[in-house]
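2 protein chains.
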Amino acid sequence: MGKSRRVSMAVIRRLPKYYRYLEELLEKDITRISSKELSRLTGFTASQIRQDLNNFGGFGQQGYGYNVEELRNALGKILGLDRKYYTIIVGAGNIGQAIANYKGFQDEGFEVLALFDKNPKLIGLKIRDIEIKDVDSLEEFIAENEVDIGVICTPKEYSQDTADRLVKAGVKAIWNFAPNDIKVPEDVVVENVHLSESLFTLSYLLKCYSEQE
Amino acid sequence: MGKSRRVSMAVIRRLPKYYRYLEELLEKDITRISSKELSRLTGFTASQIRQDLNNFGGFGQQGYGYNVEELRNALGKILGLDRKYYTIIVGAGNIGQAIANYKGFQDEGFEVLALFDKNPKLIGLKIRDIEIKDVDSLEEFIAENEVDIGVICTPKEYSQDTADRLVKAGVKAIWNFAPNDIKVPEDVVVENVHLSESLFTLSYLLKCYSEQE
DNA sequence: TAGATTGTTAATCGATTAACAATC
DNA sequence: TAGATTGTTAATCGATTAACAATC
């Protein structure tokens, strides 16, 4: 049923933000919202919001706006949050452990099944009740468990090798925290979190602002 | 000397990636590179790369390309990486500790002076040799130390209050890991790392790919 | 010199904004 | 009904790509 033209990445990256604000509104027991009000919250223009949403369907009603709960649910479905995802984390260092510890993802349906590391001092330890396993058993684990998402938290030297192993074992989605890019086949999706790029952007902006004075 | 028209955010966000690949080339002792080769590495078009760089000056040479070291240094200067930054981290939970532990930032000139938390069990502990202090002493610390960047790693309930306090104390740049947006005055720059938005984008993309089959 | 590759201008493409008829 | 606000089309704006003269 893929009737629609492909939705642009610019739109897609705004969806989670809409979803987040709708969750917030729902918590405050607000039942309806107009694109104008949503514009004030998100900083996007009302026109853009209506355009974005209409990529996926007409969720609103003239003269009324949008029902918060309906729109939240619709966006959740669009984002694929209406199901559970099983994840594993490769690299049980600082970032790997921090992600395993973070409960927010669990609440949204992303469950961490296991951590993997090659450091014998870490293997066998538990983060919450998630075991750190020997990375040598990675393929075996994936073969025996449904793994939807592989999270790469290794140093950059191992990120490509880890990606290759995950892909070969059948993982179709990778969340990459290693500070370099990885190559994967076309049917595998990668989302990068390049923290240093984010930090460098901040330092650029800070420089610009201080020069203005 | 602000001669140039303002550079678009799209360009700015590509600069750290150029910088990263140039560092990599330098490590491999490669001395020159053309926009065409850089295109192969980064995935951006050669035309775009030349356009991007020419926002800041003519770093290349016809028939030759770019000198890797020169361009790396030029980009480092543009990004503001030719100086040291003093940072503090507010919120010494999983993510706060992970960032404090990560040595990569230190190597690029970002030094963590202190962590702050309100949990008495954490106050007094050290991450590497960085002390976790009582968040009540935040203002005092900023008054007595040069703090360029404040990193917010608190739960979402405290992010706005933390931002307000940092801003009031004179901090001009905020790196925000809390899963919500914060409001700051115009002369303060904020860079968000919204991990759940990143994860939701991944789940959207995974859904799209699997539906195609 | 001939070949390569830049810097830059012009052309294209896509995304955002504006406008408004439809309608709740 | 009158007012509000959507969905959608058209207009604008900005970013990317193509092309090529300049020149190392």
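Same order as they appear, the protein sequences are chains B and E.
The first sequence begins at 1 in the working numbering and counts up one residue at a time.
The second sequence begins at 1001 in the working numbering and counts up one residue at a time.
All C-beta atoms, glycine included, are put in the ideal place defined by N, C-alpha and C.
Computed from a predicted model, the values in this text were never measured in an experiment.
- Between residue 158 of chain B and residue 79 of chain B, the C-beta gap is not smaller than 9 Å, which leaves the two residues out of contact.
- When E:1127, E:1182, E:1119, E:1192 are compared, the shortest CA-CA separation from residue 205 of chain B is found for E:1192.
- Pairing residue 136 of chain B with residue 172 of chain B gives a Cβ-Cβ distance that is not under 9 Å.
- Against chain E, the CB of residue 25 of chain B has no partner CB under 9 Å away; the residue lies outside that interface.
- The beta-carbon of residue 72 of chain B is placed no less than 9 Å from the nearest beta-carbon of chain E.
- Of E:1144, E:1141, E:1053, the smallest CA-CA separation from residue 1010 of chain E is found for E:1053.
- If you ignore the 5 residues before and after residue 23 of chain B, its C-beta comes within less than 8 Å of the C-beta of 72, all in its own chain and listed in chain order.
- Residues of chain E with a Cβ closer than 7 Å to the Cβ of residue 201 of chain B are, in chain order, 1012, 1013, 1016, 1191.
- Rounded to whole angstroms, the Cβ separation of residue 211 of chain B and residue 1016 of chain E is 19 Å, and the two are not in contact under 8 Å.
- Chain-ordered, the chain E residues with CB closer than 7 Å to the CB of residue 101 of chain B read 1094.
- Secondary structure of residue 61 of chain B (DSSP, three-state): strand.
- Check the Cα spacing between residue 138 of chain B and each of B:91, B:121, B:126: the tightest is with B:91.
- Residue 86 of chain B and residue 115 of chain B do not touch by the CB rule: their CB atoms are close to 13 Å apart, not below 8 Å.
- Under the DSSP assignment, residue 1086 of chain E falls in the beta strand (DSSP E) whose first and last residues are 1085–1090.
- Counting every other CB atom within 10 Å of its CB across the protein chains shown gives residue 95 of chain B a total of 16 or more, marking it as buried.
- Shown here for residue 1130 of chain E: same chain residues with a beta carbon closer than 7 Å to its own, the five before and five after excluded, namely 1100, 1112, 1114, 1115 in chain order.
- Identification of residues in the stretch 126–160 of chain B having a C-beta nearer than 8 Å to some C-beta of chain E yields 148, 149, given in sequence order.
- Contacts with chain E at 9 Å (Cβ-Cβ) include residue 105 of chain B.
- When the beta-carbon positions are compared, residue 1207 of chain E and residue 1179 of chain E stay at least 9 Å from each other.
- For the 9 Å CB-CB criterion, residue 175 of chain B and residue 1199 of chain E form a contact.
- Around the C-beta of residue 1117 of chain E, 16 or more other C-beta atoms lie within 10 Å, and the residue is accordingly described as buried.
- Contact between residue 97 of chain B and residue 123 of chain B fails: their C-beta atoms lie close to 13 Å from each other, not under 8 Å.
- Under the DSSP assignment, residue 113 of chain B falls in the beta strand (DSSP E) whose first and last residues are 110–117.
- Proximity to residue 30 of chain B across B:46, B:45, B:65, B:44 peaks at B:65, based on C-alpha coordinates.
- Assignment of residue 1191 of chain E by DSSP, reduced to helix, strand and coil, places it in the strand class.
- The bridge partners DSSP lists for residue 1032 of chain E are E:1067.
- Under the three-state reduction of DSSP output, residue 1143 of chain E falls in the helix class.
- Per DSSP, the continuous alpha helix (DSSP H) segment holding residue 95 of chain B begins and ends at 94–101.
- Taking residue 1209 of chain E as reference, the option from B:44, B:93, B:187, B:140 with the minimal CA-CA separation is B:187.
- For residue 1131 of chain E, the enclosing beta strand (DSSP E) starts and ends at 1130–1134.
- With a cutoff of 9 Å on beta-carbon distance, residue 1044 of chain E and residue 1014 of chain E are scored as near each other.
- The beta carbon of residue 1111 of chain E sits no closer than 9 Å to any beta carbon of chain B.
- Under the three-state reduction of DSSP, residue 150 of chain B is assigned to strand.
- For the stretch 1037–1051 of chain E, the set of positions with a beta-carbon nearer than 7 Å to some beta-carbon of chain B is empty.
- Burial of residue 150 of chain B is indicated by the presence of at least 16 other C-beta atoms within 10 angstroms of its C-beta.
- In the three-state reduction of the DSSP assignment, residue 173 of chain B falls in the strand class.
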